[in-house]
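One structure is given below, encoded as structure tokens.
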Amino acid sequence: MKQVACMKKISFLLLPVFMLMFQSCGIYSFTGADTGAASTFQVNLFQNSADIVEPGIDRDFTNRLQDLIQNQTNLSLTNTGGDLVYEGEIVDFYIAPMTATADNRAAQNRLTITVLVRFFNTLDPTKDFERRFSHYYDYGANQLLNGAVLATALDEIFTRITELIFNASLTNW
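Numbering (this note's numbering), first residue to last: -16 to 156.
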């Protein structure tokens, strides 16, 4: 009985200590994102200005970047006047042979996508940047880059590029 009473007293005394600890931490993100005083973000449509135009990837990439930021931060998405603004264009979408067979035919191809990003932090312009982000996906030369192969390639490439953009703009990595 004395142990229960003692535990209640200890719990009662430690509660304010824990409350102060968590309150003094401010906003904490498990992703390591540092949004500072920002409360909103805006992602303008990333136009496809690459030589090869794959329909719809501009919209898909823009949505993927918006979704990642919304899921990893407490920022609210806005169409105009965002504290953090992402804009740019898809500048490269190309396919190149990667490995050859004994009779000099391609055994594997590589799709590479490069995105030029301009990031503006209206609350702290020292964090602004303009940078290219690129990633690739390898697939067999006997496969056509359409349907499921294209969907898998775009998913993998967009996941990696959006993570790189997120880390460059909102973490100290």
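Even for Gly, the Cβ is constructed at its ideal location relative to N, Cα and C.
Check: In angstroms, rounded to a whole number, what distance separates the CA positions of Q55 and A16?
Finding: Numbered from 1 along the sequence shown, position 72 holds the residue referred to as residue 55. Numbered from 1 along the sequence shown, position 33 holds the residue referred to as residue 16. Roughly 8 Å between the two C-alpha positions.
Check: Considering R115, what are the terminal residues of the beta strand (DSSP E) in which it resides?
Finding: Taking the first residue of the sequence shown as position 1, residue 115 is located at position 132. First-last of the beta strand (DSSP E) with R115: F112 to G123.
Check: Taking A33 as the reference, which of E146, F112, T18 and D75 has the closest Cα?
Finding: Within the sequence shown, numbered from 1, the residue matching residue 33 stands at position 50. Of the listed residues, the one whose Cα sits closest to A33 is D75.
Next item on the list: Can you say whether L127 is buried or exposed, counting buried as having 16 or more other CB atoms within 10 angstroms of its CB?
Entry: Along the sequence shown, read from residue 1 onward, the residue named residue 127 stands at position 144. Label assigned to L127: exposed.
Check: If you draw a straight line from the C-alpha of A151 to the C-alpha of F141, how long is it?
Finding: Within the sequence shown, residue 151 is the residue found at index 168, counting from 1. Within the sequence shown, residue 141 is the residue found at index 158, counting from 1. Near 15 Å, if we compare the C-alpha coordinates of F141 and A151.
Check: Rounded to the nearest angstrom, how far is the Cβ of R101 from that of E70, given a contact under 8 Å?
Finding: Numbered from its first residue, the sequence shown carries residue 101 at position 118. Numbered from its first residue, the sequence shown carries residue 70 at position 87. Separation of the CB atoms of R101 and E70 is rounded to 5 Å, and the pair is thereby assigned contact status at 8 Å.
Next item on the list: List the residues that DSSP assigns as beta-bridge partners of L94.
Entry: Counting from one through the sequence shown, the residue named residue 94 turns up at place 111. According to DSSP, L94 shares a beta bridge with I78 and Y120.
Notebook entry, point to check: Quick one: is the Cβ of N92 within less than 7 Å of any heavy atom of the ligand FAD?
Noted result: The ligand FAD is absent from the structure shown, which contains no ligands of any kind.
Next item on the list: From the DSSP output, read off the bridge partner residues of L60.
Entry: The residue you call residue 60 lines up with position 77 of the sequence shown. Partner residues in the beta bridge of L60, as assigned by DSSP, are F24.
Item checked: the segment 102 to 119 touching the segment 82 to 92, judged by at least three CB pairs closer than 8 Å -> With a cut-off of 8 Å, the segment 82 to 92 and the segment 102 to 119 do not count as touching, because too few Cβ pairs lie within range.
Notebook entry, point to check: Just the Cα atoms here: how many angstroms apart are T18 and L153?
Noted result: Here the question's residue 18 lines up with position 35 in the sequence shown. Here the question's residue 153 lines up with position 170 in the sequence shown. Going from the Cα of T18 to the Cα of L153 covers about 6 Å.
Next item on the list: Grab me the residues of F13's own chain with a C-beta within less than 8 Å of its C-beta, minus the 5 sequence neighbours each way, in chain order.
Entry: Counting from 1 along the sequence shown, the entry for residue 13 is found at position 30. Residue placement at F13 is flagged as unreliable, the pLDDT there being 47, under the threshold of 50; the coordinate-derived value follows with that caveat. Within the same chain, F13 has no close Cβ partners at all.
Check: Going by the CB atoms, is the gap between D43 and M81 shorter than 8 Å?
Finding: As a first step, residue 81 must be located in the sequence shown, where it is residue number 98. As a first step, residue 43 must be located in the sequence shown, where it is residue number 60. Result no, Cβ atoms of M81 and D43 do not sit closer than 8 Å.
Check: Expressed to the nearest angstrom, what Euclidean distance is found between the alpha-carbon atoms of L133 and I144?
Finding: Working through the sequence shown from its first residue, we reach residue 133 at position 150. Working through the sequence shown from its first residue, we reach residue 144 at position 161. Across the structure, L133 and I144 are spaced so that their CA atoms are roughly 16 Å apart.
Notebook entry, point to check: From what residue to what residue does the alpha helix (DSSP H) around T135 run?
Noted result: For this step, residue 135 is matched to residue 152 along the sequence shown. Its alpha helix (DSSP H) spans residues G130 to L153.
Notebook entry, point to check: Thinking just about the alpha-carbon of each residue, which of A21, L94 and V98 is nearest to the one in L28?
Noted result: Residue 28 sits at position 45 when you count from the first residue of the sequence shown. Closest by alpha carbon: V98.
Item checked: Exposure of N104, with buried meaning 16 or more beta-carbon neighbours within 10 Å -> Sequence index remark: in the sequence shown, residue 104 carries index 121 (1-based). Looking at its Cβ environment, which holds 16 or more other Cβ atoms inside 10 Å, N104 is buried.
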